[in-house]
Amino acid sequence: VADITLKSISKKFKNNTALANINLTVRDKEFFVIFGPAGAGKTTLLNVIAGLYLPEYGNLYLNGVYFNYVEPEDRNIAMVFEDYALYPHFTVFENIASPLKSPKYKESKAVIEKEVTRVARILKIDHLLERNISELSNGQRQRVGLGRALVRTPNVFLMDEPITHLDAKLRHQMRAELKEMQKNLDTTTIYVTHDYLEALSLGDEIAILNEGKIEQIGTPDDIYFYP
Ligand code: ADP
Ligand code: ADP
């Protein structure tokens, strides 16, 4: 299980307040969406959770345990960006397997095989495992990026506008698939977007962030989207 709580989190860059007194709880296995315009503080919030930025103020809890000072690599929190930075000359299998081969998580060949196959099935790319990244479509590459982030079964899975750069048709398809994937993975997910259709179709719960502050939190039925 993994639930995550932010209490009074604030983060400044010089005189610019990126996050101001953020309070929220994401429940175990929930698909939690953070929605807001460019500059709202969405990426900063994910970076604080992932440990890339230390908050100026406030506390982070994972399963009730304070973790402000836990190193990013010890948090087992996976993050996916819109730019996946895959290794282009390696196969899909090698790309997904790479986190399991790092010195810290040196897994056996059998475990690697099993885990890569498991996530590849969920992402529907198990037929592509021997292909090179350079031979894949954008949508397929995106799945490989997700697979690499998910192969270690993270406590919390953070996604920062992962489908923004796909064309409209593929975005539509990926919305449905991301929702299904998240159910099958059983991983607490925080998803950042500035697209209200994504927010509505994916979120069990949605927080609207604006100028570093949470303006609303609720289920898709509770939230009011204004133009
Ligand atoms: P969003 O992801 O919602 O577009 P960000 O979290 O990227 O918003 O940015 C929130 C605010 O913090 C913006 O005003 C942005 O300019 C500022 N900011 C973000 N990262 C940095 C940084 N590394 N250095 C200085 N200012 C930053
Ligand atoms: P290890 O300590 O196990 O070598 P690495 O992160 O260096 O860990 O490599 C893990 C896998 O990631 C490699 O087997 C390879 O498939 C891929 N990889 C790592 N670094 C690169 C790179 N610079 N270019 C291409 N592929 C890489």
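The UniProt record's numbering applies: residue 2 is where the sequence shown begins, and numbers increase by one. In this text, a Cβ means the ideal position worked out from N, Cα and C, and glycines have one as well.
Beta-bridge pairing of residue i - partner residues as DSSP gives them
i	result
Asp161	Val193
Tyr67	Tyr62
Phe14	Asn17
Thr6	Thr26 and Tyr62
Thr92	Asn133
Same chain, Cβ closer than 7 Å to residue i, five either side skipped, listed in chain order
i	result
Lys43	Ile35, Gly37, Val193 and Leu210
Thr63	In the sequence as presented, Thr is not what sits at residue 63; that position holds Leu. Here the set comprises Ala3, Ile5 and Asn156.
Thr45	Lys12, Ala19, Leu20 and Tyr54
Leu124	Arg144, Leu147, Gly148 and Met182
Phe94	Val117, Leu130 and Glu131
Ala121	Ile97, Asp127, Leu130 and Gly148
Test item: CB-CB of residue i and residue j under 7 Å
i	j	result
Met182	Ile164	no
Leu61	Asn48	no
Leu87	Ile134	yes
Thr220	Lys30	no
Pro89	Val152	no
Phe91	Glu206	no
Phe82	Asp161	yes
DSSP state of residue i mapped onto helix, strand, coil
i	result
Gly148	helix
Asn22	strand
Phe32	strand
Leu61	strand
Glu212	coil
Glu178	helix
Gly42	coil
Ser135	helix
Gly219	strand
Ile97	helix
Ala86	coil
Glu206	strand
Ile78	strand
His128	helix
His173	helix
Asn156	coil
Buried versus exposed call for residue i [16 or more other C-beta atoms within 10 Å across all chains shown]
i	result
Phe226	exposed
Asp187	exposed
Ala111	exposed
Pro56	buried
Ala39	exposed
Pro104	exposed
residue 231	The requested residue 231 is not part of the displayed model; the chain covers only 2 to 228.
Ala177	exposed
Leu7	buried
Asp75	exposed
Glu136	exposed
Ala208	buried
Glu72	exposed
Nonlocal neighbours in the same chain, by C-beta distance under 6 Å from residue i, ignoring five residues either side
i	result
Ala79	Ala150, Pro155 and Phe158
Lys180	Leu203
Contacting residues, own chain, Cβ-Cβ under 8 Å from residue i (five flanking each side not counted)
i	result
Ile10	Leu20, Asn22, Ile23, Asn24, Leu46, Val49, Pro56, Tyr58, Gly59, Asn60 and Leu61
* Asked: Relative to ligand 3, what is the chain-ordered list of residues with a Cβ closer than 5 Å to any of its non-hydrogen atoms?
  -> As presented, the structure is devoid of ligand 3, carrying ligand 1 and ligand 2 as its sole ligands.
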